[in-house]
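Read the structure below first, then the notes.
There are 2 protein chains.
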Amino acid sequence: MTDPRLPAQIEFALEIDKLKRVIRRNNLMDGSRRENDAEHSWYVGMLAMVLGEHAPPGTDLDRVVAMLLVHDLVEIDAGDTFIYDPVAVAAQVEAERAAADRIFGLLPADQGVRLRALWDEFEERRTPEARFAKALDRFAPILANHRNDGGTWPLHKITARQVLEKVKIIEEGSPALGEYAVRLVELSVGRGHLSS
Amino acid sequence: MTDPRLPAQIEFALEIDKLKRVIRRNNLMDGSRRENDAEHSWYVGMLAMVLGEHAPPGTDLDRVVAMLLVHDLVEIDAGDTFIYDPVAVAAQVEAERAAADRIFGLLPADQGVRLRALWDEFEERRTPEARFAKALDRFAPILANHRNDGGTWPLHKITARQVLEKVKIIEEGSPALGEYAVRLVELSVGRGHLSS
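Chains as they are written, first to last, in numbering that gives the first Met the number 0: chain Z, 0 to 195; chain G, 0 to 195.
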């Protein structure tokens, strides 16, 4: 006899496969194509494992990884938001909440609540874990754009000032990574890949 | 001054982005395209979070997630192996070991050793964590092929007997998921999507 919780869990598993088809603004590190949310989520999870020592001491890195794996699931319904578009970002909040209700609601209740709590924690950015997770989420596209001679920055006429605004979020999660990101921005400006 | 370990960690981070360009045999759940290793790694990490209660009691699920995030990194050099091709599988062992030496070797030594140990553990399948991780790695493509009316099974003339051979690995990691996988195989045979 099948465990009674398994069908709901499989339903959720089938649903979240859709994250592989949500396309982000930034490109892969080699510039060959745009990145999707699923591979991005893997990537930032890996960053948490690799860069974890740059989080404040005592940060629970396992929870950071778990948070990063679920952080974009709501985009299955709500789509990717361009972080440099303030109007879109504001409109997104409600859409993402409704998406979280629906998607985490597919799971057995206790489990849905637990995973939803990870997403809420990430969004609220009140714990060191959430701040570090968000820092990595912001760090990855800066690394990619720097690597791609500016990548999608010139395309969307993004300036160094706008990027440095996002770097503050990195600094809040990890001073060392924030400092490194500032340097990437300066290098990009110096090379003419990002307007000052 | 930058933390002296950061440049090597960033080098590793840039390198592992290539996993997004390693293409697997199976398709996405909607059949729209073949899956890449990075999004697959995210997916099985999520499965560990969602299906963790079907692992033996006491299984350290955080380590399962970490293992699944790194399990395919060696394919950046060694490529994806078709698990139903025994000759390719045997030749792959050495190539993957060399890849592990190179890729984990990019990290600061202590960290490279730690991540490499996770990959070794996964490959050796001696701990409950590794057996459960491997079970999920085998479970995901069966779910996808079942969902896709047989998916890539008929294309490669795979039979139920061959799939059931892989299901044994699922059973060893999780009896409940093994039982469920057997049922998926039987359903696929019943619908004519997999030859018996």
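By construction, the Cβ of each residue, glycine as well, lies at the ideal position given by its N, Cα and C atoms. Since this is a predicted model, take the numbers as computed values, not measurements.
The beta strand (DSSP E) enclosing residue i, as first and last residue numbers
i: ARG24 of chain G; result: 22 to 26
i: PHE38 of chain Z; result: Sequence inspection shows Glu at residue 38 of chain Z; the Phe mentioned does not correspond to that position. GLU38 of chain Z -> not in any beta strand (DSSP E); alpha helix (DSSP H) instead, spanning 36 to 50.
As assigned by DSSP and simplified to three states, the class of residue i
i: ASN144 of chain G; result: helix
i: ARG124 of chain Z; result: coil
i: LEU173 of chain Z; result: The identity of residue 173 of chain Z in the sequence shown is Ser, whereas the question assumes Leu. Three-state result, SER173 of chain Z: coil.
i: THR80 of chain G; result: coil
i: THR158 of chain Z; result: strand
i: ARG62 of chain G; result: helix
i: SER187 of chain G; result: helix
i: ARG33 of chain G; result: strand
Residue from the options whose Cα sits closest to the Cα of residue i
i: LEU193 of chain G; options: G:GLU170, G:HIS145 and G:GLU178; result: G:HIS145
i: LEU154 of chain Z; options: Z:TYR83, Z:THR58 and Z:ARG62; result: Z:TYR83
i: TRP152 of chain G; options: G:VAL184, G:LEU46 and G:GLU171; result: G:VAL184
i: GLY30 of chain G; options: G:GLU164, G:GLY150, G:VAL92 and G:GLU38; result: G:GLY150
i: GLN91 of chain Z; options: Z:GLN110, Z:ASN147 and Z:VAL73; result: Z:VAL73
i: ASP61 of chain Z; options: Z:LYS167, Z:TYR179 and Z:GLU128; result: Z:GLU128
i: ASN35 of chain G; options: G:ASP79, G:VAL64, G:VAL63 and G:LEU114; result: G:ASP79
i: LEU186 of chain G; options: G:GLY172, G:LYS167 and G:ALA159; result: G:ALA159
i: VAL188 of chain G; options: G:ALA99, G:ALA94 and G:VAL162; result: G:VAL162
i: SER173 of chain G; options: G:PRO140, G:THR58 and G:ARG4; result: G:THR58
i: ALA180 of chain G; options: G:ARG137, G:LYS156, G:ARG190 and G:ILE157; result: G:ARG137
i: LEU77 of chain Z; options: Z:ALA87, Z:ALA98 and Z:VAL88; result: The question names Leu, but residue 77 of chain Z is Ala in the sequence shown. It is Z:ALA98 whose Cα lies nearest to the Cα of ALA77 of chain Z.
i: ALA134 of chain G; options: G:GLU171, G:LEU142 and G:VAL112; result: G:GLU171
i: ALA54 of chain Z; options: Z:ILE22, Z:ILE169, Z:VAL86 and Z:LEU114; result: Z:ILE169
i: VAL64 of chain G; options: G:TRP41, G:VAL86, G:PRO85 and G:PHE81; result: G:TRP41
i: GLU52 of chain G; options: G:GLN110, G:ALA132, G:ASP119 and G:ALA7; result: G:ALA132
i: ASP2 of chain Z; options: G:GLY177, G:ARG190, G:SER195 and G:GLY191; result: G:GLY177
i: GLN8 of chain G; options: G:ASN26, G:VAL88, G:ALA175 and G:ALA108; result: G:ALA108
i: PRO140 of chain Z; options: Z:ALA89, Z:ASN26 and Z:ARG182; result: Z:ASN26
i: ARG130 of chain Z; options: Z:VAL166, Z:ASP148, Z:LYS156 and Z:ASN147; result: Z:VAL166
i: ILE75 of chain G; options: G:GLU95, G:ALA143 and G:VAL88; result: G:GLU95
i: ASP148 of chain G; options: G:ALA116, G:GLY111 and G:GLY191; result: G:GLY191
i: PRO85 of chain G; options: G:ARG115, G:GLU164, G:ALA37 and G:ALA175; result: G:GLU164
i: ALA143 of chain Z; options: Z:MET28, Z:PRO6, Z:ARG23 and Z:ILE22; result: Z:MET28
i: ARG33 of chain Z; options: Z:VAL21, Z:VAL43 and Z:GLY44; result: Z:VAL21
i: SER175 of chain G; options: G:PRO56, G:PRO6 and G:SER195; result: Residue identity check: residue 175 of chain G is Ala in the sequence provided, not Ser. Considering only alpha carbons, the answer is G:PRO56.
i: ARG23 of chain Z; options: Z:PHE81, Z:ASP119 and Z:LEU114; result: Z:PHE81
Run of the alpha helix (DSSP H) containing residue i, from where it starts to where it stops
i: HIS95 of chain G; result: Sequence inspection shows Glu at residue 95 of chain G; the His mentioned does not correspond to that position. Start and end: 85 to 103.
i: GLU10 of chain G; result: 5 to 15
Any C-beta of chain B under 9 angstroms from that of residue i
i: PHE81 of chain Z; result: No chain B is part of this structure, whose protein chains are labelled Z and G.
Residue i CB to nearest heavy atom of the ligand MN below 8 angstroms
i: TYR179 of chain Z; result: Of ligands this structure carries none, so the ligand MN is not represented either.
**Request:** Taking only beta carbons into account, state which residues of the region 23 to 40 of chain Z come closer than 8 angstroms to chain G, listed in chain order.
**Result:** LEU27, MET28, ASP29, SER31, GLU34, ASN35, ALA37, GLU38 and SER40
**Asked** Can you list, in chain order, the residues of the region 42 to 58 of chain Z whose Cβ is nearer than 8 angstroms to any Cβ on chain G?
**Response** TYR42, GLY44, MET45, LEU46, MET48, VAL49, LEU50, GLU52 and HIS53
**Message:** For the region 156 to 190 of chain Z, list every residue whose C-beta sits within 9 angstroms of some C-beta in chain G, in sequence order.
**Reply:** So the list reads ALA175, LEU176, GLU178, TYR179 and ARG182, given in the order they occur along the chain.
**Prompt:** Using a beta-carbon distance cut-off of less than 8 angstroms, what residues from the region 95 to 107 of chain Z approach chain G?
**Reply:** Legend: CB atoms of the region 95 to 107 of chain Z lying less than 8 angstroms from CB atoms of chain G belong to residues LEU106.
**Message:** Could you check whether the region 45 to 57 of chain Z touches the region 56 to 76 of chain G, counting it as contact only if at least three pairs of C-beta atoms, one from each stretch, sit closer than 8 angstroms?
**Reply:** yes
**Near-chain Z residues of the region 60 to 78 of chain G - C-beta to any C-beta below 8 angstroms** = ASP61, VAL64, ALA65, LEU68 and VAL69
**Item:** Short-range partners of chain Z found in the region 2 to 15 of chain G, where Cβ spacing is below 8 angstroms
**Value:** Under the 8 angstroms Cβ criterion, the region 2 to 15 of chain G contributes ASP2, ARG4, LEU5, GLN8, ILE9, PHE11, ALA12, LEU13 and ILE15.
**Asked** Should the region 7 to 18 of chain G be called in touch with the region 6 to 22 of chain Z, which here means at least 3 C-beta pairs below 8 angstroms?
**Response** no
**Message:** Tell me whether the region 101 to 115 of chain Z and the region 123 to 137 of chain Z touch, counting them as touching only if at least three CB pairs, one residue from each stretch, are closer than 8 angstroms.
**Reply:** Contact fails: fewer than three Cβ-Cβ distances are below 8 angstroms.
**Asked** Between the region 129 to 142 of chain G and chain Z, which residues of the former have CB atoms less than 8 angstroms from a CB of the latter, in chain order?
**Response** Shown in chain order are the members of the region 129 to 142 of chain G whose Cβ falls below 8 angstroms from a Cβ of chain Z: LEU142.
**Prompt:** Relative to chain Z, which residues along the region 114 to 126 of chain G have a C-beta separation below 8 angstroms, given in chain order?
**Reply:** Those would be LEU114, in chain order.
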